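Heads up: the sequence lines are chains F and W, in that order.
By the numbering used here, the letter at position 18 of the first sequence is numbered 591, and the numbering carries on one by one without gaps.
By the numbering used here, the letter at position 47 of the second sequence is numbered 48, and the numbering carries on one by one without gaps.
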Amino acid sequence: MKNNWWKIVAVILLSYTIYFGLMGTVPRRAILNESIRNVYFHVPMWFAMIAMLSTSVFNAVRYLRSNDLSYDIKSVEFTNVAILLGILGCATGSIWATFTWGDPWPNDPKLNSVAISMLMYFAYLILRGSFEDEQRRARISAVYNILAFSVFIPLIFILPRLTDSLHPGNGGNPAFSDYDMDSQMRRVFYPAVIGWALLGTWIATLRVRIRRVSEIED
Amino acid sequence: MQELRTLIGKEITLEWRQRYALNGMLLYIVSTVFVCYLSFRLKSNQLTPITWNTLFWIILLFTAVNAVSKSFTQERAGRLLYYYTLASPQGIILSKILYNSVLMLILSLAGFGFYAFVMGNPVGDLPMYLLTIVLSSIGFASSLTMVAGIASKAENNGALMAILSFPVIIPMLLMVMKLAKNAMDGLDRSASSDEVLVLLALDAIVVTLSLILFPYLWRS
Chain F
574 MKNNWWKIVA VILLSYTIYF GLMGTVPRRA ILNESIRNVY FHVPMWFAMI AMLSTSVFNA
634 VRYLRSNDLS YDIKSVEFTN VAILLGILGC ATGSIWATFT WGDPWPNDPK LNSVAISMLM
694 YFAYLILRGS FEDEQRRARI SAVYNILAFS VFIPLIFILP RLTDSLHPGN GGNPAFSDYD
754 MDSQMRRVFY PAVIGWALLG TWIATLRVRI RRVSEIED
Chain W
2 MQELRTLIGK EITLEWRQRY ALNGMLLYIV STVFVCYLSF RLKSNQLTPI TWNTLFWIIL
62 LFTAVNAVSK SFTQERAGRL LYYYTLASPQ GIILSKILYN SVLMLILSLA GFGFYAFVMG
122 NPVGDLPMYL LTIVLSSIGF ASSLTMVAGI ASKAENNGAL MAILSFPVII PMLLMVMKLA
182 KNAMDGLDRS ASSDEVLVLL ALDAIVVTLS LILFPYLWRS
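Set out below in structure tokens:
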């Protein structure tokens with residue numbers, strides 16, 4: 574119980590998010606209308622994905638410093654969850670884009686950057702698959718993980734801001750929070766970010782434990 | 002410094018002795034350009050400057066991947082092991098990056114010359130375009146050298162080199178293409194200063210990471 578309180582917090586926060594996300598009052602905006610509720614799902618998923626990838630890189634660095642394979646398992650499982658959250662983020666985003674921008678995949682720099690970074694992390698999984706030796710696989714994929722993350726950050730945060738983008742906060746557009754979210758929405762948005770990040774961590778820790786058990790069985 | 006000079010000297014000697022590799026790369030870029038020329042010949046008047054620019058950078062991208070991917074596979078594993086006992090890993094990666102930059106510079110300038118010769122030259126600001134080629138050669142070489150090092154450790158490294166390098170190089174390629182387009186349209190140079198800075202920053206990130214990460218890579 575002492576170590577599991579955050580799982581209960583995750584369940585409570587996400588139930589709160591889903592209930593108030595669908596039932597709470599939201600400001601009326603042109604074009605967005607009711608679809609503004611997607612802010613509680615689409616945006617926090619990306620935040621959670623970035624948190625998962627950061628954890629993965631942190632574990633990759635720890636692996637390189639200690640040569641302890643348990644860090645490698647954590648690193649790959651956090652990346653897997655990040656990829657899952659990324660796919661969900663793309664899916665929620667393209668539903669949203671269909672109703673507001675009129676196209677499920679508009680030609681937008683942010684979307685293209687995300688597509689590239691997903692390719693980068695799929696390549697990471699393929700790279701892992703091409704090694705037999707565990708230590709070697711762990712070391713080389715940790716090196717690639719760090720390299721990929723340091724390309725991911727400019728790709729997501731810097732390059733889209735240099736060009737015109739449909740996304741708020743890019744290309745001189747003000748960020749969402751500056752003009753669209755009122756205090757009512759913030760009360761749901763911030764718990765949603767924490768909730769999705771905790772859920773991602775939960776999935777990752779479960780998968781790490783499954784891997785450890787299956788290794789003992791082998 | 003002495004170590005770096007010796008290592009670069011070694012790379013150049015090696016390349017000079019195996020001239021077929023360098024000549025092969027030159028022939029590769031020339032024949033690719035010629036294939037493009039033949040394919041577009043019927044409609045050469047309709048080749049818009051933007052297509053001209055994009056085509057050139059795609060040719061250079063493939064040349065770069067091909068040229069750099071051999072930098073770790075050219076020598077046998079036993080000989081690489083021998084270098085590692087003699088030199089520091091930082092010296093080895095830095096010498097490879099510098100050597101590949103020079104190689105890319107030669108290939109891309111030769112490629113540009115031939116491309117402009119057969120496909121016409123709509124560039125407005127030629128010095129700026131050449132600067133873009135210089136910056137891109139250094140950038141491509143530095144990011145691809147590290148990826149080539151990673152790919153050379155895996156068994157199936159030809160296919161792996163392509164899938165690992167394309168996503169990593171795309172941010173740089175997009176910046177370079179934008180910079181090249183500004184130069185081609187002959188825009189005022191102050192309009193391109195942002196792109197030059199971002200490009201230099203990306204180069205700096207990749208080179209620093211290579212220096213930090215390569216020591217972990219060569220041990221395996």
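Built from N, CA and C at the ideal position, the CB exists for glycine as well.
Since the model is a prediction, treat every value here as computed from it, not as a measurement.
*asked:* Quick check on the DSSP output: the alpha helix (DSSP H) that includes glutamate 788(F) runs from which residue to which?
replied: Position 215 of the first sequence, counting from 1, holds the residue named residue 788(F). Per DSSP, glutamate 788(F) belongs to the alpha helix (DSSP H) from 756 to 790.
_In this structure, how does DSSP classify asparagine 577(F) when only helix, strand and coil are distinguished?_
If you number the first sequence from 1, residue 577(F) lands on position 4. In the structure shown, asparagine 577(F) sits in coil (DSSP, three-state: anything other than H, G, I, E or B).
_Helix, strand or coil for alanine 202(W)? Go by DSSP, reduced to three states._
Against the second sequence, residue 202(W) aligns to sequence position 201. Helix.
_Candidates Ser703(F), Ser723(F) and Ile713(F): closest to alanine 160(W) by CA position_ = Taking the first residue of the second sequence as position 1, residue 160(W) is located at position 159. Taking only the C-alpha atoms, the option nearest alanine 160(W) is Ser703(F).
_Please list the terminal residues of the continuous alpha helix (DSSP H) segment that includes glutamine 75(W)._
Position 74 of the second sequence, counted from the first residue, corresponds to residue 75(W). Segment: none, glutamine 75(W) is in no alpha helix (DSSP H) and carries neither H nor E.
_Ranges of the alpha helix (DSSP H) found wholly within the region 144 to 172 of chain W, counting only runs of at least 4_ = none
*By how many angstroms is the C-alpha of serine 686(F) removed from the C-alpha of phenylalanine 41(W)?*
Start at 1 with the first residue of the second sequence, and residue 41(W) comes out as number 40. Start at 1 with the first residue of the first sequence, and residue 686(F) comes out as number 113. Taking the straight line joining both Cα atoms gives about 30 Å.
*Any idea if tryptophan 669(F) is buried or exposed, counting beta-carbon neighbours within 10 angstroms, 16 or more meaning buried?*
For the purposes of this step, residue 669(F) is taken as the residue at position 96 of the first sequence. It is buried - the Cβ of tryptophan 669(F) has at least 16 other Cβ atoms within 10 Å.
_tyrosine 589(F) at chain W interface by Cβ criterion, 8 Å_ = The residue given as residue 589(F) occupies position 16 in the first sequence. Taking Cβ atoms only, chain W never reaches closer than 8 Å to tyrosine 589(F), which makes this a no.
_Supposed contact pair valine 654(F) and glycine 768(F) - C-beta distance, whole angstroms, cut 8 Å_ = Translated into positions along the first sequence, residue 768(F) becomes position 195. Translated into positions along the first sequence, residue 654(F) becomes position 81. Actually they are not in contact, since the Cβ atoms of glycine 768(F) and valine 654(F) sit about 14 Å apart, beyond 8 Å.
*Have a look at Leu27(W), Lys182(W) and Arg18(W) and flag the residue whose alpha-carbon is nearest the alpha-carbon of threonine 52(W).*
Position 51 of the second sequence holds residue 52(W). Checking every option, the nearest Cα to that of threonine 52(W) belongs to Lys182(W).
_Distance between tyrosine 697(F) and tyrosine 636(F) (C-alpha atoms, nearest Å)_ = For the purposes of this step, residue 636(F) is taken as the residue at position 63 of the first sequence. For the purposes of this step, residue 697(F) is taken as the residue at position 124 of the first sequence. For tyrosine 636(F) and tyrosine 697(F), the distance between alpha carbons rounds to 16 Å.
*asked:* My parser needs the beta strand (DSSP E) runs of 3 or more residues fully inside the region 609 to 651 of chain F; what are they?
replied: none
_Positions along the region 137 to 165 of chain W whose CB lies within less than 7 Å of some CB in chain F_ = Met147, Ile151, Lys154, Ala155, Glu156, Asn157, Leu161, Ile164 and Leu165
*Roughly how many angstroms separate the alpha carbons of alanine 715(F) and alanine 68(W), rounded to a whole number?*
As a first step, residue 715(F) is located in the first sequence; it is residue number 142 there, counting from the start. As a first step, residue 68(W) is located in the second sequence; it is residue number 67 there, counting from the start. Using only the alpha carbons, I get a separation of about 25 Å.
*Where the alpha helix (DSSP H) containing threonine 7(W) begins and where it ends*: Residue mapping note: residue 7(W) aligns to position 6 of the second sequence, counting from 1. Here the alpha helix (DSSP H) through threonine 7(W) covers 3 to 18.
_Meets three-Cβ-pair contact criterion under 8 Å: the region 30 to 39 of chain W and the region 54 to 61 of chain W_ = yes
_Exposed unless 16 or more other CB atoms sit within 10 angstroms - verdict on glutamate 196(W)_ = Along the second sequence, one-based indexing puts residue 196(W) at 195. Buried.
*Please determine, among Ile726(F), Glu788(F), Ile789(F) and Arg709(F), the residue with the shortest C-alpha to C-alpha distance to tryptophan 619(F).*
For the purposes of this step, residue 619(F) is identified with residue 46 of the first sequence, where counting begins at 1. Among Ile726(F), Glu788(F), Ile789(F) and Arg709(F), the Cα nearest to that of tryptophan 619(F) is on Ile726(F).
_With a threshold of 7 Å on Cβ separation, who are the neighbours of proline 617(F) within its own chain once the five nearest residues in sequence on each side are excluded?_
Your numbering for residue 617(F) matches position 44 in the first sequence. Correct list, in chain order: Ala765, Val766 and Trp769.
_Would threonine 133(W) and alanine 184(W) be called neighbours here (beta carbons separated by less than 8 Å)?_
For the purposes of this step, residue 133(W) is identified with residue 132 of the second sequence, where counting begins at 1. For the purposes of this step, residue 184(W) is identified with residue 183 of the second sequence, where counting begins at 1. Contact: yes.
_With a threshold of 8 Å between beta carbons, is leucine 82(W) in contact with chain F?_
Taking the first residue of the second sequence as 1, we reach residue 82(W) at position 81. No, because no Cβ of chain F sits closer than 8 Å to the Cβ of leucine 82(W).
*Kindly indicate if chain F contains any beta-carbon less than 8 Å away from that of aspartate 224(W).*
There is simply no residue 224(W) to check, as chain W begins at 2 and stops at 221 in what is shown.
*If we call anything under 8 Å between Cβ atoms a contact, is glutamate 707(F) one with leucine 642(F)?*
By 1-based counting over the first sequence, the position of residue 707(F) is 134. By 1-based counting over the first sequence, the position of residue 642(F) is 69. Yes, Cβ-Cβ distance for glutamate 707(F) and leucine 642(F) is below 8 Å.
*asked:* Quick check on DSSP: helix, strand or coil for leucine 605(F)?
replied: In the first sequence, the residue the question calls residue 605(F) occupies position 32. If DSSP states are grouped into helix, strand and coil, leucine 605(F) belongs with coil.
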